[in-house]
Amino acid sequence: MSETLIKVENVNKTYQRGGETLTVLDGLNLDVPNQDFLALMGPSGSGKSTLLNLMGGLDTPTSGGIGINGVQLDQMNAKQLSSWRSSNVGFIFQFYNLLPVLTADKNVELPLLLTNLSKSQRKDHVLTAMKAVGIDDRSDHKPNELSGGQQQRVAIARALVSDPDILVCDEPTGDLDRNTATEILELLKILNEDHGKTIIMVTHDPVAAESAKRVLHLDKGKLTN
Amino acid sequence: MSWLNQIIAVTNMNLRTVLDRSGSSLVVVIGIAGSVAVMVSLLAMAQGLNSTIASTGEDDRALILREGSDSELSSGISMQDINIIENSPGILEFDDEPMVAAEIFTIIDLKKKGTEETSNLPLRGVEEMSFKIRPEFEIIEGVNFQPGTGQVIVGKGAADQYQGLEVGNEIDIRNSKWKVVGIFSTQGDVHESEVWADLTYTQGAFRRGASASVAIVRLENSESLDQLGIFVENDPRLKLKVERESDFFNSQSSGASSVINAFGYTVAVIMAIGALFAALNTMYSAVSTRLVEIGTLRAIGFQGSSVLFALMLESMILALFGGLLGSGIAYLIFNGYTVSTLAGGSFSQTSFAFAVTGDIIRQGLILALVVGTFGGILPAWKASKQDITEALRSI
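Keeping their order, the protein sequence lines are chains A and B. Take the position in the first sequence, starting the count at 1, then add 117; the result is the number in our numbering. Take the position in the second sequence, starting the count at 1, then add 46; the result is the number in our numbering.
Below is the structure:
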């Protein structure tokens with residue numbers, strides 16, 4: 118392990134629902150070192166997805182600080198966060214979230230549209246990412262022509278294509294059968310170990326969690342281990 | 047560059063799903079097409095009527111009417127007065143004769159084609175000089191009438207709209223038979239909705255004695271109107287007024303066409319409000335069915351403003367299709383379609399062709415884009431401000 122990449126300091130996240138204040142994260146502290154592969158587990162409503170969203174820059178804390186690589190996400194506005202996400206984080210979702218009208222390669226290309234790369238440079242990057250996840254032979258297929266495992270590979274290629282330091286995975290194997298799930302987890306391990314990606318993964322699945330270097334449990338907005 | 051890329055990417059995604067949502071998208075396109083078609087048709091009607099009446103008249107011609115009358119029908123002028131006017135300066139001469147013609151303007155009843163009811167049709171009694179004053183006049187079928195006879199020539203607009211005005215036919219006017227011997231054109235102006243006959247014969251048939259309705263004068267040039275006006279005003283025997291011919295017909299046209307214009311805009315706005323709700327509904331459903339996709343793009347780093355612009359663009363593209371469709375339908379059905387209507391002042395039918403001009407189509411497209419903009423802005427705003435984590439949860 119190396120130096121701290123993500124520093125979560127005394128983070129609170131509350132929501133107002135029907136006049137009541139709902140505390141989802143309660144004074145949470147967490148350090149995530151560079152090149153960590155962290156699994157977050159816990160029952161529904163424990164706050165693990167909220168924590169993941171905060172570390173991915175999708176949401177901001179009610180109080181407390183989130184620093185990543187020396188940048189304070191909690192100080193950023195929506196536009197700054199958009200820009201930060203585009204170059205620092207790749208997202209992998211349970212249901213892949215591919216755009217159904219676009220072919221696999223066009224889906225993978227999406228994050229590169231936010232850069233100043235030329236069309237041919239974008240094409241090269243897309244091919245590299247698709248090769249890295251072993252899905253380059255399906256580049257012309259639309260999502261509905263691919264299996265769940267293939268779709269998740271395309272989604273991982275999309276998360277990788279702009280070469281972010283952090284991959285944020287929300288139940289990445291939740292919609293897959295055991296064998297396919299194992300393949301995807303192997304792929305994530307390779308990305309972590311061989312490509313140096315820091316991975317934060319929310320999962321309900323203890324088998325999936327075994328692929329991680331560390332497993333943290335949340336309950337009622339607090340870390341329990 | 048990247049912001050433009052974002053908008054193109056999101057718009058591309060949106061437009062590619064339009065076919066999947068063809069039902070609701072069609073509601074917007076057809077709703078907008080309907081309101082644009084109605085507005086374009088009504089404006090084309092007003093434009094046609096306006097340009098027909100307003101195109102009548104030249105700057106170097108003047109009409110002399112009785113003081114206080116604002117139409118040819120209500121005017122009366124004695125032949126004696128016309129003899130005095132002939133001495134005015136500023137009047138062009140033809141073969142040493144001043145170019146002044148006395149004309150009777152009255153109304154006859156004839157059946158319009160396809161109906162059993164009669165409508166008013168203007169009959170103009172004209173002199174030989176009337177033709178010289180109006181060089182745009184030409185016989186396009188048959189021959190001109192013989193002076194002193196009960197022969198008539200018919201404007202081509204009137205011939206198209208009324209029964210029995212073919213060359214060789216006889217029509218009943220004031221209990222006698224008048225024979226149609228020719229059809230004439232005056233380059234599309236209001237006289238094409240008239241029947242012309244010999245002045246003297248008309249005076250006799252309508253018991254006008256030695257009087258006419260108006261005098262028409264060809265001026266030396268457009269500035270000579272003042273000379274004629276001063277001459278008429280300074281002669282105590284003349285209780286007449288002088289109007290430039292183009293001004294006279296412009297003022298005749300403004301009433302009817304502005305009513306049609308106002309009606310056209312009113313109906314179009316009412317229909318556009320309906321189309322606006324259809325557009326709002328469609329765009330809200332377009333946003334809600336793509337919430338996860340929008341959330342995903344936002345998570346990847348696409349900015350809210352690019353989502354907003356792309357959705358606005360989609361709404362405006364649909365609206366533009368509607369506008370083009372509506373304008374196209376109105377153009378195909380109505381452009382050049384000839385009808386007649388009661389024109390202001392003459393109490394008689396003026397025939398004119400609908401004119402779908404570029405300016406009217408432009409107004410139709412502007413209406414469509416306004417509907418598209420307002421129909422898209424609220425759903426697009428909502429989508430761009432949508433909480434990303436909530437959007438991603440809406441699977």
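Using N, Cα and C, we set each Cβ at its ideal position, and we do this for glycine too.
query, result
"For the alpha helix (DSSP H) containing P160/A, list its first residue and its last residue.", "Run containing P160/A: none; DSSP gives neither H nor E here."
"How big is the Cα-Cα spacing for A221/A and L198/A?", "26 Å"
"Tell me the residue span of the beta strand (DSSP E) that contains P150/A.", "137–150"
"Could you check the C-alpha separation between M118/A and V125/A for me, to the nearest Å?", "With a pLDDT of only 49 at M118/A, under 50, the local geometry of the prediction cannot be trusted, and the value read off the model is given with reservation. Roughly 18 Å between the two C-alpha positions."
"Quick test of your reading: L155/A and L333/A, contact by CB under 8 Å. State the CB separation rounded to the nearest angstrom.", "6 Å"
"Along the chain, where does the beta strand (DSSP E) that runs through A256/B open and close?", "A256/B -> no beta strand (DSSP E), and no H or E assigned at all."
"State the DSSP-derived secondary structure class of K330/A, mapped to helix, strand or coil.", "coil"
"To the nearest angstrom, how far is it from the Cα of E303/A to the Cα of M158/A?", "19 Å"
"Which one or two residues does DSSP pair with A147/B in a beta bridge?", "I262/B"
"What span of residues does the alpha helix (DSSP H) with V213/B cover, start to end?", "No alpha helix (DSSP H) holds V213/B; DSSP gives it neither H nor E."
"Using DSSP with H/G/I as helix, E/B as strand and the rest coil, what is S134/B?", "coil"
"Going by CA-CA distance only, name the one from I262/B, L370/B, A92/B, G410/B that's closest to L383/B.", "The sequence as given places Tyr at residue 383/B; Leu does not occur at that position. The shortest C-alpha separation from Y383/B is found at A92/B."
"What do you get for E360/B, buried or exposed, if any count of 16 or more other CB atoms within 10 angstroms of its CB means buried?", "buried"
"Which residue wins for smallest C-alpha separation from I276/B, given the options I131/B, R62/B, I407/B?", "I131/B"
"Can you list, in chain order, the residues of its chain whose CB lies under 6 Å from that of S115/B, leaving out five sequence neighbours each side?", "S121"
"Per DSSP, which residues does Y330/B bridge with? Please list them.", "BP columns for Y330/B are empty, so no partner."
"Which residue's Cα is closest to the Cα of A83/B: L413/B, R439/B, V236/B, S440/B?", "L413/B"
"Tell me which same chain residues have a C-beta within less than 6 Å of the C-beta of K337/A, skipping the five on either side of it?", "none"
"Below 8 Å, how does it come out for the stretch 310–325 of chain A and the stretch 276–296 of chain A: are there three or more Cβ pairs, yes or no?", "yes"
"Which of the three DSSP states, helix, strand or coil, is assigned to T131/A?", "strand"
"If distances are taken between C-alpha atoms only, which option among G234/B, G214/B, D218/B comes closest to G201/B?", "G234/B"
"Below 8 Å between beta carbons: does that hold for I110/B and V227/B?", "no"
"Taking the alpha carbon of V319/A as the reference point, which residue from G174/A, N129/A, D253/A, G291/A has its own alpha carbon closest?", "G291/A"
"Can you confirm whether the stretch 65–82 of chain B touches the stretch 349–359 of chain B when touching is taken to mean that 3 or more C-beta pairs between the two stretches lie within less than 8 Å?", "no"
"Could you pull out every unbroken beta strand (DSSP E) segment of at least 3 residues lying fully inside the stretch 357–401 of chain B, listed in chain order?", "384–388, 395–399"
"Should L169/A and V285/A be called a contact, given that it needs their Cβ atoms to be closer than 8 Å?", "yes"
"Quick one: list the residues of chain A neighbouring V353/B, beta-carbon separation under 9 Å, in chain order.", "Residues of chain A passing the Cβ test: none, with the nearest at roughly 10 Å."
"With DSSP run on the structure shown, which of helix, strand or coil describes D235/B?", "coil"
"Which residue comes first and which comes last in the alpha helix (DSSP H) that contains R275/A?", "265–277"
"Taking 8 Å as the CB-CB cut-off, is G347/B touching chain A?", "yes"
"Output yes or no for whether 8 Å exceeds the beta carbon distance between E291/B and I137/B.", "no"
"Using the Cα positions of H258/A and I301/A, report the straight-line distance between them to the nearest angstrom.", "19 Å"
"Roughly how many angstroms lie between the CA atoms of L145/A and E137/A, to the nearest whole one?", "21 Å"
"For G251/A, which beta-bridge partners are listed by DSSP?", "Note: G251/A sits in no beta bridge, so no partner."
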